[in-house]
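Novice:
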Amino acid sequence: MRHTKVFIPTLREDPADAEIVSHRLMMRAGLIRKVSAGIYTYLPIGRRVLSKIEKIVREEMDNAGALEVLLPALQPAELWQETDRWHQYGKELMRLQDRHDRDFCLGPTHEEVITDLVRGEIRSYRQLPVNLYQIQTKFRDEIRPRFGLMRGREFIMKDAYSFDENAEGAKESYHRMYDAYHRIFKRFGLHFRAVEADTGLIGGSSSHEFMVLANTGEEGVASCPGCNYAANVERAEAVLGTGSDQSEEECPALKRMETPDMKSVEAVSGFLNVSVAQLVKTLLFLADGRPVAVLVRGDHQVNEIKLKRFLKVTELILADADTVTKITGGPSGFSGPIGLKDVEIIGDCFVETMSDVVIGANEKDTHYLHASPERDFKVNHYEDIRDVVAGDPCPRCGQPIGIDRGIEVGHVFMLGTKYSEAMKATFLDQNGKKRFFEMGCYGIGVSRIMGAAIEQNHDDKGIIWPMPIAPFAIHVIPVQEKSDRVMMTAELIYGSLLQAGVETLLEDRKERVGVKFNDADLLGIPYQVIIGEKNLHESLVEIKNRRTGEKKKIEVEKVINYLIELLEDSPDESDFDF
RNA sequence: CGGGGCGUAGCGCAGUUCGGUAGCGCACACCGUUCGGGACGGUGGGGUCGGAGGUUCAAAUCCUCUCGCCCCGACCA
């Protein structure tokens with residue numbers, strides 16, 4: 001396409017309200033515009049990228065035997081009342097009423113609608129399994145939409161739902177989707193990991209998240225370099241490695257120590273000149289209103305999801321300063337397990353292996369030295385309740401694991417019969433017996449992928465698209481638009497590429513080169529063909545690799561074949577050799 | 001919902017402390033020069049200062065209410 005015929009309103013300056021890099025670059029490169037918080041318009045280039053993403057998703061879903069449908073975004077309350085999610089979903093559900101005051105919502109997800117469809121149409125095990133998917137706009141009234149496309153109130157998602165006659169079949173469907181997701185993300189040309197994940201509100205027995213790795217990601221991803229273990233840090237098991245035990249040396253007697261104003265772990269460790277790993281911090285929580293003391297090593301973090309699961313509570317709040325004093329008798333910052341009364345004490349497993357530690361004394365400006373679990377204080381339960389950290393042993397093979405940041409772009413769940421039971425969705429099995437469908441659901445955040453791809457692939461000049469989802473493959477840039485020779489060559493190359501089926505953008509604006517080059521780098525089309533008078537005198541044009549910045553001069557007659565070969569050879573970002 | 005910040009031209013901002021009738025840069029239109037990394041000169045157009053109410057001779061500026069946006073937190077595919 002010709003630049004002057006496509007609407008690409010680039011911005012010279014960063015928009016004031018865009019914080020993260022993908023948001024800034026999508027605004028600047030003219031991919032999106034904001035309409036309201038968490039609500040965006042996709043401009044032509046943005047829409048092209050979405051189409052690329054959708055095309056790959058469709059091809060792989062179709063290959064995996066899923067069938068595309070389109071479910072309504074506007075959904076009646078009755079369906080949601082059947083599963084009780086009309087209430088459970090809370091304020092995140094966008095609700096509205098029609099002119100007769102009947103309740104509706106804008107779908108944040110489609111389990112209810114799809115289950116309603118299937119229960120009405122599928123009667124026999126002979127019709128199973130079935131997997132239906134759609135690419136559609138979803139609505140979630142987020143507490144706080146943020147990060148541009150990363151957390152919108154309206155966003156585009158591919159969701160698929162599988163229905164099987166039994167658990168084994170459901171497992172098979174799940175694995176088919178899991179494999180399809182691997183192919184999809186590989187084809188996008190993105191670095192990603194599939195990780196074990198928490199099932200959250202959707203429920204079900206098993207689930208994996210697909211994370212695009214980027215250091216701006218919101219999620220922590222623990223993964224093992226030695227085996228294929230990978231998990232969301234929310235869920236990753238923290239295990240004791242060999243050698244984590246302290247020496248058998250006798251621990252000296254407990255000793256009180258003045259620690260004036262030393263409230264934080266770092267302050268105490270600095271003041272006493274001991275490592276933070278020699279401290280045990282005590283955090284007070286209110287678990288459904290009940291006070292609980294939690295012990296973890298000074299440099300470890302309490303994992304509230306694990307703790308919640310262990311305590312089997314729905315609400316877990318870190319106690320405020322007043323509550324701490326009420327529970328422990330001492331000021332916040334000096335809490336410890338010694339002398340705590342009427343409080344359940346949960347210790348992280350690692351604490352059990354420690355001895356001779358520093359702990360708070362539940363008294364202003366005081367800590368204890370040389371404390372040892374069991375000898376000096378009692379712990380009711382030892383449990384894995386902390387976040388894993390880099391270097392922790394892999395729970396499968398024991399090698400030290402690494403922690404990366406990731407952006408969740410896909411999630412697959414085994415749902416079991418949660419929805420089919422709630423909605424009485426049954427079929428007849430071989431014996432003519434009614435059974436509930438075994439379900440699975442599978443989501444891909446289509447619009448979020450666009451943002452995640454940019455988070456992972458950009459530099460200070462702009463976007464660097466992986467070829468498979470780039471809006472165009474080649475950007476043809478004539479330098480001097482007044483030169484007939486330059487313009488004719490540009491038109492020739494542009495025309496030939498189009499004829500060869502290569503998606504090409506021709507820079508045909510009357511702008512200075514600086515503007516053209518800077519906008520080209522901002523747009524991030526993988527290869528730029530730069531046509532200038534100087535090189536043309538020697539019948540050469542220049543090809544610039546946007547990712548590496550590498551430039552190569554090629555003879556005009558050979559450039560089309562050269563580019564076509566280049567595109568065939570480099571389907572993704574990991575393969576950019578000339 | 002709690003904490004912090006911001007709404008002035010399409011975009012980025014100054015002006016608000018201390019009231020005096022709105023400005024800068026970019027962008028846009030036209031003319032000329034320039035032209036392989038965001039040019040220069042000239043001319044020109046564009047504003048209910050987020051909205052409502054109030055105080056005042058006079059309000060972008062002070063007061064009250066309200067709407068919107070951004071960031072942190074709790075929460076979440």
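Reminder that position 395 of the first sequence reads as 395 in my numbering, one-by-one numbering, no gaps.
For each residue, glycine too, the CB sits at the ideal point set by N, CA and C.
1) Between the beta-carbon of Lys-132 and the beta-carbon of Val-57, is there less than 7 Å?
2) Across the segment 426-433 and the segment 481-488, are there enough close Cβ pairs to call them in contact, namely three or more that are closer than 8 Å?
3) Quick check: the segment 314-331 against the segment 286-298, are there 3 or more CB pairs under 8 Å?
4) With distances taken from CA atoms, which of Asp-103, Arg-47, Ile-454 is nearest Gly-217?
5) Pull up the distance between the alpha-carbon of Val-476 and that of Val-529, whole angstroms please.
6) By the 10 Å Cβ neighbour count, where 16 or more other Cβ atoms means buried, how is Thr-548 classified, buried or exposed?
7) Using C-beta distances below 6 Å, list every residue in its chain close to Gly-46, excluding the 5 sequence neighbours before and after it, in chain order.
8) Nearest by alpha-carbon distance to Cys-394: which of Gly-451, Gly-226, Thr-323 is it?
9) Alpha carbon to alpha carbon, what distance is there between Ile-8 and Leu-96?
10) Under three-state DSSP, which class holds Gln-278?
11) Measure the alpha-carbon distance for Ser-244 versus Phe-271 and round it to whole angstroms.
12) Looking only at DSSP bridge pairs, what is Asn-232 linked to?
13) Measuring alpha carbon to alpha carbon, tell me which residue in Glu-438, His-370, Ile-525 is nearest Phe-163.
14) Using CA atoms only, rank isn't needed, just tell me which of Leu-279, Asp-384, Met-27 is closest to Lys-263.
15) Can you confirm whether the segment 517-535 touches the segment 447-464 when touching is taken to mean that 3 or more C-beta pairs between the two stretches lie within less than 8 Å?
16) Our contact map puts His-370 next to Asp-387 with C-beta atoms below 8 Å; I'd like the distance itself, whole angstroms only.
17) Could you spell out where the alpha helix (DSSP H) holding His-182 opens and where it closes?
18) Within the same chain, show all residues whose beta-carbon is closer than 6 Å to that of Lys-551, passing over the 5 residues directly before and after it, in chain order.
19) Do Glu-60 and Arg-183 have their C-beta atoms closer together than 7 Å?
20) Indicate whether Met-423 and Glu-165 have their beta-carbon atoms separated by less than 7 Å.
21) Quickly, what does DSSP pair Pro-393 with across the bridge? List them, please.
22) Between the C-alpha atoms of Leu-43 and Arg-448, what's the straight-line distance to the nearest angstrom?
23) Looking only at its own chain, which residues have a Cβ that is under 6 Å from the Cβ of Lys-255, when we skip the five neighbours before and after it?
24) Which residue marks the beginning of the alpha helix (DSSP H) containing Pro-44, and which one marks its end?
25) Specify the secondary structure class of Asp-164 as computed by DSSP and reduced to three states.
26) So, for Asp-299: in the same chain, excluding its five sequence neighbours on each side, which residues have a beta-carbon less than 7 Å away from its beta-carbon?
27) Along the chain, where does the alpha helix (DSSP H) that runs through Val-292 open and close?
28) Quick one: grab the DSSP three-state call for Ile-385.
29) CA-CA distance, Thr-580 and Ser-539?
30) Can you give the Cα-Cα distance for Phe-185 and Asn-228, rounded to whole angstroms?
31) Starting from the C-beta of Leu-50, find all residues in its chain whose C-beta is less than 8 Å away, skip the five residues before and the five after it, and write them out in chain order.
32) Taking the alpha carbon of Glu-511 as the reference point, which residue from Ser-496, Thr-504, Gln-480, Glu-491 has its own alpha carbon closest?
33) Of all the options Arg-176, Arg-28, Ile-385, Met-150, which has the alpha carbon lying nearest to the alpha carbon of Pro-129?
34) Which first and last residues belong to the alpha helix (DSSP H) in which Asn-535 is found?
35) From Ser-124 to Leu-117, what does the alpha carbon distance come to, in whole angstroms?
36) If we ignore side chains and look at the alpha-carbon of each, how far apart do His-537 and Phe-517 end up?
Specialist: This is what the structure holds:
1) Within the first sequence, residue 132 is the residue found at index 132, counting from 1. Within the first sequence, residue 57 is the residue found at index 57, counting from 1. Checking the sequence, you will find Leu at residue 132 rather than Lys. Cβ atoms of Leu-132 and Val-57: not closer than 7 Å.
2) no
3) yes
4) Translated into positions along the first sequence, residue 217 becomes position 217. Per the Cα distances, Ile-454.
5) As a working note, residue 476 is residue 476 in the first sequence. As a working note, residue 529 is residue 529 in the first sequence. Each residue's alpha carbon lies about 5 Å from the other.
6) Taking the first sequence and counting its residues from 1, one reaches residue 548 at position 548. By the neighbour-count rule (16 or more Cβ atoms within 10 Å), Thr-548 is not buried but exposed.
7) By 1-based counting over the first sequence, the position of residue 46 is 46. Excluding residues within five positions, the ones whose Cβ falls inside 6 Å are Leu-31, Ile-32.
8) As a first step, residue 394 is located in the first sequence; it is residue number 394 there, counting from the start. The option with the nearest alpha carbon to Cys-394 is Gly-226.
9) Against the first sequence, residue 96 aligns to sequence position 96. Against the first sequence, residue 8 aligns to sequence position 8. Near 35 Å, if we compare the C-alpha coordinates of Ile-8 and Leu-96.
10) Within the first sequence, residue 278 is the residue found at index 278, counting from 1. DSSP places Gln-278 in helix when its eight states are reduced to three.
11) On the first sequence, residue 244 is found 244 positions in, with the first residue counted as 1. On the first sequence, residue 271 is found 271 positions in, with the first residue counted as 1. Confidence in Ser-244 is poor, its pLDDT being 48 and thus under 50, which makes the residue's placement unreliable; the coordinate value appears in the next sentence. So the alpha carbons of these two residues sit roughly 25 Å apart.
12) Walking along the first sequence from the start, residue 232 turns up at place 232. Val-221.
13) Here residue 163 refers to the residue found at position 163 of the first sequence. With distances taken between Cα atoms, Phe-163 lies closest to Glu-438.
14) Along the first sequence, read from residue 1 onward, the residue named residue 263 stands at position 263. Ranking the options by Cα distance to Lys-263, first place goes to Leu-279.
15) yes
16) By 1-based counting over the first sequence, the position of residue 370 is 370. By 1-based counting over the first sequence, the position of residue 387 is 387. Wrong, their Cβ atoms sit about 27 Å apart, outside the cutoff.
17) Numbered from 1 along the first sequence, position 182 holds the residue referred to as residue 182. Element bounds for His-182: 167-188.
18) Within the first sequence, the letter at position 551 stands for residue 551. Only Glu-542, Lys-544 meet the Cβ criterion.
19) As a position in the first sequence, residue 60 is number 60, starting the count at 1. As a position in the first sequence, residue 183 is number 183, starting the count at 1. Yes.
20) On the first sequence, position 423 is the one that residue 423 refers to. On the first sequence, position 165 is the one that residue 165 refers to. In this structure, Glu-165 does not lie closer than 7 Å to Met-423 by Cβ.
21) Your numbering for residue 393 matches position 393 in the first sequence. Pro-393 is bridged to Pro-400.
22) What you label residue 43 is simply residue 43 of the first sequence in a count that begins at 1. What you label residue 448 is simply residue 448 of the first sequence in a count that begins at 1. Cα-Cα distance, rounded: 16 Å.
23) Numbered from 1 along the first sequence, position 255 holds the residue referred to as residue 255. Taken in chain order, the residues that qualify are Leu-369, His-370.
24) Numbered from its first residue, the first sequence carries residue 44 at position 44. Per DSSP, Pro-44 belongs to the alpha helix (DSSP H) from 44-63.
25) To locate residue 164, count along the first sequence from 1; it is residue 164. Residue state, collapsed to three classes: strand.
26) Here residue 299 is taken as the residue at index 299 of the first sequence, counted from 1. Closer than 7 Å at the Cβ level, and outside the excluded window around Asp-299, lie Val-276, Ala-277.
27) Stepping through the first sequence from its first residue, residue 292 is reached at position 292. Where Val-292 is concerned, there is no enclosing alpha helix (DSSP H), although the beta strand (DSSP E) it sits in stretches over 290-297.
28) Position 385 of the first sequence, counting from 1, holds the residue named residue 385. Coil.
29) Residue numbering for the chain in the displayed model covers 1 to 578; residue 580 lies beyond these limits and cannot be assessed.
30) Along the first sequence, one-based indexing puts residue 185 at 185. Along the first sequence, one-based indexing puts residue 228 at 228. The straight-line gap from Cα to Cα measures roughly 17 Å.
31) On the first sequence, position 50 is the one that residue 50 refers to. Excluding sequence neighbours, Leu-50 sits near Tyr-42, Ile-156, Val-446, Ser-447, Met-450.
32) To locate residue 511, count along the first sequence from 1; it is residue 511. Answer by Cα proximity: Gln-480.
33) Residue mapping note: residue 129 aligns to position 129 of the first sequence, counting from 1. Answer by Cα proximity: Arg-176.
34) Residue mapping note: residue 535 aligns to position 535 of the first sequence, counting from 1. First-last of the alpha helix (DSSP H) with Asn-535: 533-537.
35) Residue mapping note: residue 124 aligns to position 124 of the first sequence, counting from 1. Residue mapping note: residue 117 aligns to position 117 of the first sequence, counting from 1. Each residue's alpha carbon lies about 14 Å from the other.
36) Taking the first residue of the first sequence as 1, we reach residue 537 at position 537. Taking the first residue of the first sequence as 1, we reach residue 517 at position 517. Approximately 21 Å between the Cα atoms of the pair.
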